[in-house]
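K.L.:
Would you mind keeping the following structure in view while I ask a few things?
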Amino acid sequence: MHTRYCLALDLQDDPALIAEYEAHHRRVWPEVVASIRRAGVVSMAIYRRDTRLVMLMEVDETFSFERKAAFDAADPAVQAWEALMWKYQRALPGAPPGSKWQLLDKIFDLPAQAPEPAPQPRPGGGSAMSRTIVVATEKPFAKVAVSGIAGIFRDAGYQCRWLERYTDKADYVRAVADADGLIVRSDIVDAEVLDAAPALKIVVRAGAGYDNIDLKAASARGIVAMNTPGQNSNAVAELVFALMLTLARRGFTGKDGTELRGKTIGIHAYGHVGARVAAIARGFGMEACAYDPYVPAARIEADGVTPLSSADELYRLSDYISLHLPKTKDTVQSVGYALLSQAKPTATLVNTARAEVVDEAGLMQVMSERQGFLYGADVAPARAAEFTEKFPGRCVFTAKKMGAQTAEANINAGLAAARQIVGFFERGDATFRVN
Ligand SMILES: NC(=O)c1ccc[n+]([C@@H]2O[C@H](COP(=O)([O-])OP(=O)(O)OC[C@H]3O[C@@H](n4cnc5c(N)ncnc54)[C@H](O)[C@@H]3O)[C@@H](O)[C@H]2O)c1
10 MHTRYCLALD
20 LQDDPALIAE
30 YEAHHRRVWP
40 EVVASIRRAG
50 VVSMAIYRRD
60 TRLVMLMEVD
70 ETFSFERKAA
80 FDAADPAVQA
90 WEALMWKYQR
100 ALPGAPPGSK
110 WQLLDKIFDL
120 PAQAPEPAPQ
130 PRPGGGSAMS
140 RTIVVATEKP
150 FAKVAVSGIA
160 GIFRDAGYQC
170 RWLERYTDKA
180 DYVRAVADAD
190 GLIVRSDIVD
200 AEVLDAAPAL
210 KIVVRAGAGY
220 DNIDLKAASA
230 RGIVAMNTPG
240 QNSNAVAELV
250 FALMLTLARR
260 GFTGKDGTEL
270 RGKTIGIHAY
280 GHVGARVAAI
290 ARGFGMEACA
300 YDPYVPAARI
310 EADGVTPLSS
320 ADELYRLSDY
330 ISLHLPKTKD
340 TVQSVGYALL
350 SQAKPTATLV
360 NTARAEVVDE
370 AGLMQVMSER
380 QGFLYGADVA
390 PARAAEFTEK
400 FPGRCVFTAK
410 KMGAQTAEAN
420 INAGLAAARQ
430 IVGFFERGDA
440 TFRVN
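FYI, the numbering for the sequence shown is 10 to 444, going by the numbering used here.
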């Protein structure tokens, strides 16, 4: 038996702060989400109109506000999050000092008035059977993920259609004609695809990076775009260490190598993958530092990682530099000569983010000037052959993008995408919205 609560709070009347607040809520810290769930909250959604926030929360029988407050008080990450949120939030008029979300009184209840129980409202309208979800994957999900996704949609009463290993974009465009929801992997979702799907309300990229979705085009058509953050972070983080070990052990060619223990790893961007890299680095006995201007220092420190205030410092201090930047207009080509030339002469750069965040010409120049500089990438540079030829034994590239290519990541991301689509249609939950 679940109980629903409705709460309200205000934001500071500043569009920049409101945008920051929303950005934080697109990637709420995992510790905070875990603490919410631990307290017995089964669903939570926050809505905003101008500066007013309204939260809908459903809880199970284990929940009480006192118990949740005790969980929050005992968790330093939650405390750091709450302190950060005060930057954006403003107590409601008349709220007790220091208190945030205020419970609202229920003043109308349809089932209490109608003789027959009212049907559950469905965001977007329509009945469950009318939902058609297309899963378009040029590189298909693993079999077990496919049956899991199919099961989630079957249980929800949705129709699910699969388009796998397509070679012609026209097939893809045709397949989305009646789609209410769309799941993709690295498949491109551009204006042409969106225009071909007049009923489309949501597209979910099963994975972390969502640069394959034209967000502007989606927003212009009122289509919600989501990713499934965190679902493949461990797979990518393990690959970081595979690349580092391959380079440290000189390609396992019989030559002497070096160890990771005691070395410093600089984590450039401390998101889901970055945090997982830090956790694994601890096991290797490495020192970890991180630079991420959007993550509070306290959050990074709580993981035993040294937060740095500039990328320059990170590059100067690190023996290994691991890139976890998203591909955005600000990050494309941002790792170039200016940054890399500050690194130690024997530093190793590992890129499991996106090829485009590295300026290849700058990297090539640094590698030419420093014979000990090594490069490992999941996303081979455009000039991969030139790198390998110029710097034999100093580069390692995967045959294709493989960071998330594990059975576990494939399953996690696929199931998360399906659950997010059902959550969106059934409860209006847009937690992982990216546009
Ligand atoms: N190789 C693969 O198969 C693979 C798989 C998953 C993710 N990725 C790539 O890795 C990236 C990171 O994944 P994630 O799950 O950690 O994403 P995430 O969204 O959890 O983290 C991204 C982090 O980058 C930070 N950031 C943004 N701009 C920055 C800047 N200019 N300087 C420093 N930090 C900045 C953000 O604050 C955030 O903490 C993805 O965007 C994706 O491109 C690759």
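Backbone N, C-alpha and C fix where the C-beta goes; we use that ideal spot for every residue, glycine too.
Using only the alpha-carbon positions, how far apart do Gly134 and Arg57 sit?
P.N.:
Because the pLDDT of Gly134 is 48, which lies under 50, any placement of that residue in the model is unreliable, and the number read from its coordinates should be weighed accordingly. Rounded to whole angstroms, Gly134 to Arg57 spans 21 Å at the Cα level.
K.L.:
Which whole-angstrom value describes the C-beta separation of Thr340 and Gly385, a residue pair presumed to lie in contact below a C-beta threshold of 8 Å?
P.N.:
The pair is not a contact, with the Cβ atoms about 19 Å apart (cut-off 8 Å).
K.L.:
How is His33 classed by DSSP in three states: helix, strand or coil?
P.N.:
If DSSP states are grouped into helix, strand and coil, His33 belongs with the helices.
K.L.:
Going by CA-CA distance only, name the one from Lys96, Ser195, Ala362 that's closest to His333.
P.N.:
The residue with the shortest Cα to Cα distance from His333 is Ala362.
K.L.:
Would you mind listing the beta strand (DSSP E) stretches within the stretch 267 to 320 that are 3+ residues and don't spill past its ends, in chain order?
P.N.:
Within the stretch 267 to 320, the complete beta strand (DSSP E) runs of at least 3 residues are 273 to 277, 296 to 300.
K.L.:
Under 6 Å Cβ to Cβ from Arg170, same chain only, skipping five residues before and after it: list those, please.
P.N.:
For Arg170, where only same-chain residues beyond five positions count, the Cβ hits under 6 Å are Val143.
K.L.:
Take the Cβ of Leu113 as the centre, count every other Cβ of all protein chains shown within 10 Å, and call the residue buried at 16 or more, exposed below.
P.N.:
With fewer than 16 other Cβ atoms within 10 Å, it is exposed.
K.L.:
With a threshold of 16 other CB atoms inside 10 Å of the CB of Pro455, please say whether the residue is buried or exposed.
P.N.:
Here the chain covers residues 10 to 444 and nothing more, so residue 455 does not appear.
K.L.:
Kindly provide the ranges of any alpha helix (DSSP H) runs that are 4 or more residues long and lie completely inside the stretch 184 to 209, ordered along the chain.
P.N.:
Here the runs fully enclosed are 200 to 204.
K.L.:
Using only the alpha-carbon positions, how far apart do Thr262 and Leu326 sit?
P.N.:
Rounded to the nearest angstrom, the two C-alpha atoms are 29 Å apart.
K.L.:
So Phe406 is in the beta strand (DSSP E); what residue range does that whole segment cover?
P.N.:
Segment 404 to 406, the beta strand (DSSP E) holding Phe406.
K.L.:
Can you name, in chain order, every residue of its own chain whose Cβ lies under 7 Å from the Cβ of Ala127, other than the five neighbours on each side?
P.N.:
Confidence is the limiting factor: at Ala127 the pLDDT is only 48, short of 50, which leaves the residue's position unreliable and the question unanswerable from this model.
K.L.:
Under a Cβ-count criterion, where at least 16 other Cβ atoms within 10 Å of its own Cβ denotes burial, should Pro106 be classed as buried or exposed?
P.N.:
With fewer than 16 other Cβ atoms within 10 Å, it is exposed.
K.L.:
Under three-state DSSP, which class holds Thr340?
P.N.:
It is coil, neither helix nor strand.
K.L.:
DSSP state of Ser73, grouped into three classes?
P.N.:
Of the three classes helix, strand and coil, the one that applies to Ser73 here is coil, per DSSP.
K.L.:
Given a cut-off of 9 Å on the beta-carbon distance, is the pair Leu18 and Lys109 in contact?
P.N.:
Cβ distance < 9 Å, so Leu18 and Lys109 count as in contact.
K.L.:
Could you check whether the Cβ of Gln342 sits closer than 8 Å to any heavy atom belonging to ligand 1?
P.N.:
Not under cutoff, so the answer is no.
K.L.:
Cutting at 7 Å between CB atoms, please list the residues of its own chain near Asp180, excluding the five before and the five after it.
P.N.:
If we look at Asp180 and ignore the five residues flanking it on each side, its Cβ neighbours are Leu172.
K.L.:
Start and end of the alpha helix (DSSP H) containing Trp90?
P.N.:
Taken as a continuous stretch (DSSP letters only), the alpha helix (DSSP H) holding Trp90 covers 85 to 94.
K.L.:
By Cβ distance below 6 Å, which residues in the same chain neighbour Ser242 in space, the five residues on each side in sequence not counted?
P.N.:
Same-chain partners within the cutoff: His281, Val282, Arg285.
K.L.:
Given 8 Å as the limit, tell me if Asn241 has its C-beta closer than that to any heavy atom belonging to ligand 1.
P.N.:
Indeed, a heavy atom of ligand 1 lies less than 8 Å from the Cβ.
K.L.:
Check whether the Cβ atoms of Leu209 and Asp223 lie closer than 9 Å to each other.
P.N.:
Against a cut-off of 9 Å, the Cβ pair of Asp223 and Leu209 comes out as no contact.
K.L.:
Taking 8 Å as the cut-off, is the CB of Gly34 close to at least one heavy atom of ligand 1?
P.N.:
The question names Gly, yet the displayed sequence has His at residue 34. No - ligand 1 has no heavy atom lying nearer than 8 Å to the Cβ of His34.
K.L.:
Please report how far the alpha carbon of Asp189 lies from the alpha carbon of Val431, in whole angstroms.
P.N.:
Near 11 Å, if we compare the C-alpha coordinates of Val431 and Asp189.
K.L.:
Which residue marks the beginning of the alpha helix (DSSP H) containing Gly371, and which one marks its end?
P.N.:
Unbroken alpha helix (DSSP H) run through Gly371: 369 to 378.
K.L.:
Could you give the first and the last residue of the continuous beta strand (DSSP E) run that contains Thr262?
P.N.:
No beta strand (DSSP E) contains Thr262, which DSSP labels as neither H nor E.
K.L.:
Looking at the structure shown, is Val63 part of a helix, part of a strand, or coil, going by DSSP?
P.N.:
Val63: strand per DSSP, three-state reduction.
K.L.:
I want to check one thing, is the minimum distance from the CB of Val50 to the heavy atoms of ligand 1 below 8 Å?
P.N.:
Answer for Val50: no, Cβ out of range of ligand 1.
K.L.:
DSSP puts Val144 in a beta bridge; with which residues?
P.N.:
BP columns for Val144 point to Trp171, Ile192.
K.L.:
Let me make sure I understand the geometry here. Which of Ala100, Ala48, Thr71 has the alpha-carbon closest to that of Ala79?
P.N.:
Cα-wise, what sits closest to Ala79 is Ala48.
K.L.:
With Leu269 and Cys298 assumed to form a contact (beta carbons below 8 Å), what rounded beta-carbon distance in angstroms separates them?
P.N.:
Rounded, the Cβ-Cβ distance is 15 Å, inconsistent with contact.
K.L.:
Indicate whether Trp38 and Trp95 have their beta-carbon atoms separated by less than 9 Å.
P.N.:
Cβ atoms of Trp38 and Trp95: not closer than 9 Å.
K.L.:
For my contact list, Met253 and Tyr329 are in at a C-beta cut-off of 8 Å; report their separation, rounded to the angstrom.
P.N.:
That belief holds up - the Cβ atoms of Met253 and Tyr329 are roughly 6 Å apart, short of 8 Å.
K.L.:
Is DSSP giving Asp19 helix, strand or coil here?
P.N.:
Strand, per DSSP.
K.L.:
Say the cut is 8 Å; is the CB of Val388 nearer than that to a heavy atom of ligand 1?
P.N.:
Val388: yes, Cβ under 8 Å from ligand 1.
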